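Visitor:
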Ligand SMILES: [Zn+2]
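Residue numbers (our numbering): 33 to 500.
#1: What I want to know is whether the C-beta of residue 277 ends up closer than 6 Å to one or more non-hydrogen atoms of ligand 1.
#2: Check whether the region 106-115 touches the region 368-384, taking contact to mean three or more Cβ pairs, one atom from each stretch, closer than 8 Å.
#3: Indicate the three-state DSSP secondary structure (helix, strand or coil) for residue 165 in the structure shown.
#4: Please go through the region 215-270 and give each complete beta strand (DSSP E) segment of 3 or more residues, from N-terminal end onward.
#5: Just checking residue 142 against ligand 1 - is the residue's beta carbon closer than 6 Å to any of the ligand's heavy atoms?
#6: Is residue 40 helix, strand or coil when you go by DSSP?
#7: Residue 246: beta carbon under 6 Å from a heavy atom of ligand 1?
#8: Helix, strand or coil for residue 334 per DSSP?
#9: State the Cα-Cα distance for the pair residue 28 and residue 106, rounded to the nearest angstrom.
#10: Does DSSP put residue 407 in a helix, a strand or coil?
#11: Round the Cβ separation of residue 447 and residue 225 to the nearest angstrom and send it over; I've been treating them as touching at under 8 Å.
#12: With a threshold of 7 Å on Cβ separation, who are the neighbours of residue 60 within its own chain once the five nearest residues in sequence on each side are excluded?
#13: Check residue 143 in the structure and name its three-state DSSP category.
#14: If you compare alpha carbons, which of 90, 139 and 268 is closest to residue 452?
#15: Does residue 434 come out as helix, strand or coil in the three-state DSSP assignment?
#16: Keeping to the same chain, check which residues put their C-beta closer than 6 Å to that of residue 301; ignore five residues upstream and five downstream.
#17: Put residue 174 into one of helix, strand or coil per three-state DSSP.
#18: Of all the options 383, 433 and 206, which has the alpha carbon lying nearest to the alpha carbon of residue 222?
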């Protein structure tokens with residue numbers, strides 16, 4: 033059986049679904065590609081007991097960025113799943129099937145961390161734990177994933193009923209509050225990254241573990257950075273393990289200057305940005321640096337921001353955030369969208385130009401060379417943004433279309449770079465560091481940086497790591 037290990041760049045896919053089991057199967061005439069989850073029978077997880085220390089088993093996200101899922105288990109028989117996401121590539125990548133597990137902690141609401149959680153609840157009866165904001169935003173993220181899977185026709189192993197059950201299964205915890213999972217005690221710490229994102233500290237009878245989730249030690253416009261936590265074993269994300277970020281304040285100023293120059297020549301700056309985090313960061317930067325601009329905000333981020341407003345305890349300087357929200361013009365109708373075409377700035381989804389209102393706007397704006405497109409972060413291989421950068425083309429409503437507008441790219445990510453991740457690791461003073469959620473270059477660079485001081489492990493999906 034092939035569990036989700038297909039080449040997502042080249043493989044066309046066709047699907048047949050069996051609604052009763054939620055299984056999705058491939059057309060046998062096609063190359064291997066499928067998600068076939070039959071609970072309790074086909075998980076690659078080893079079922080033998082753990083004698084000592086901690087067993088870690090990545091179902092996904094071990095040696096790659098995205099679709100994270102990892103099982104931790106120790107000699108007490110306590111078993112915990114951390115995250116269960118899907119990578120929203122075309123088609124998506126999924127983690128391997130999860131074994132029976134009563135409890136799962138979701139670090140934050142990005143889809144590569146929570147995208148498969150409804151399957152857990154619907155098929156294994158798992159309880160989901162997370163911050164109140166992660167739980168709240170999950171509803172929008174799952175509904176959007178479900179909608180897109182129908183539109184695009186990609187396989188999804190859970191259905192609407194699983195999603196409803198998942199929404200009922202959340203148990204939320206405040207930062208710093210201890211709670212029990214089996215024989216373990218757990219508590220959340222702020223992870224930076226996005227509002228509501230947490231790191232997890234776990235005390236087993238033998239060891240202290242810290243799971244970083246996606247994290248950044250730098251303050252960003254909406255959240256303060258993470259601070260180290262003493263531990264024996266650190267699971268550290270390494271998305272940007274080989275990158276050096278430019279100083280954040282300078283990059284924000286460079287970004288604002290570019291926006292201003294487009295506006296000064298009579299154009300509109302189109303800023304594609306993720307719905308959960310980056311878009312709201314852009315609004316904060318522009319409100320602070322260029323409050324004279326007329327900025328319109330469109331897409332799924334407008335609904336997510338309403339959830340943020342219900343949980344201002346996760347937002348840095350919430351009063352300023354509220355002011356920023358009142359200052360920008362929210363697009364809520366077709367006529368609003370037409371009006372936005374005359375704005376100075378349009379901030380909208382999707383962040384990598386794979387769909388969403390950004391494509392509609394771009395199609396209207398692309399003929400006037402005074403307009404410009406400002407990308408606010410990394411553009412994945414195969415994404416619309418990457419095609420635009422490399423070939424000055426974009427898929428617009430199904431047609432590959434030349435786009436001659438000025439395009440610029442900025443590094444406004446809320447993942448720590450090599451300097452932040454390595455100094456964070458040193459601050460935690462662990463005996464073991466497991467670098468996950470990273471590509472080959474990222475984890476090798478980070479390993480070379482911290483490997484002198486601590487034992488570094490580079491996990492492979494569906495292979496056991498034993499940590500004592
Ligand atoms: Zn994330």
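Ideal Cβ positions, reconstructed from N, Cα and C, are used throughout, including at glycine. No experiment lies behind these values; they were computed from the predicted model shown.
Guide: In short, the structure shows the following:
#1: Position 245 of the chain shown, counted from the first residue, corresponds to residue 277. Every heavy atom of ligand 1 is 6 Å or more from the Cβ of residue 277, so no.
#2: No, because fewer than three Cβ pairs between the region 106-115 and the region 368-384 fall closer than 8 Å, the two stretches do not touch.
#3: On the chain shown, position 133 is the one that residue 165 refers to. It is helical.
#4: 216-222, 230-235, 240-243 and 265-269
#5: Numbered from its first residue, the chain shown carries residue 142 at position 110. Shortest gap from the CB of residue 142 to any heavy atom of ligand 1: under 6 Å.
#6: By 1-based counting over the chain shown, the position of residue 40 is 8. Residue placement at residue 40 is flagged as unreliable, the pLDDT there being 28, under the threshold of 50; a coordinate-derived value is accordingly withheld.
#7: If you number the chain shown from 1, residue 246 lands on position 214. Short note on residue 246: C-beta closer than 6 Å to some heavy atom of ligand 1.
#8: Reading the chain shown from its first residue, position 302 is the one you call residue 334. Residue state, collapsed to three classes: helix.
#9: The structure shown does not extend to residue 28, since the chain is modelled only from 33 through 500, so no value can be given for it.
#10: One-based indexing of the chain shown puts residue 407 at position 375. DSSP places residue 407 in strand when its eight states are reduced to three.
#11: The count along the chain shown starts at 1 and reaches residue 447 at position 415. The count along the chain shown starts at 1 and reaches residue 225 at position 193. Right, the Cβ-Cβ distance comes to about 7 Å (below 8 Å), so this counts as a contact.
#12: Start at 1 with the first residue of the chain shown, and residue 60 comes out as number 28. Residue placement at residue 60 cannot be trusted, given a pLDDT of 32 that sits under 50; the coordinates are not used to answer.
#13: Taking the first residue of the chain shown as 1, we reach residue 143 at position 111. Helix at residue 143.
#14: Taking the first residue of the chain shown as position 1, residue 452 is located at position 420. Here the closest residue by C-alpha is 268.
#15: Locating residue 434 in the chain shown gives position 402, where the first residue counts as 1. Three-state result, residue 434: strand.
#16: Walking along the chain shown from the start, residue 301 turns up at place 269. So the qualifying residues of the chain are 291, 294, 377, 404 and 406.
#17: Against the chain shown, residue 174 aligns to sequence position 142. Here residue 174 sits in helix by DSSP.
#18: In the chain shown, counting from the first residue as 1, residue 222 sits at position 190. When only C-alpha atoms are compared, the closest one is 206.
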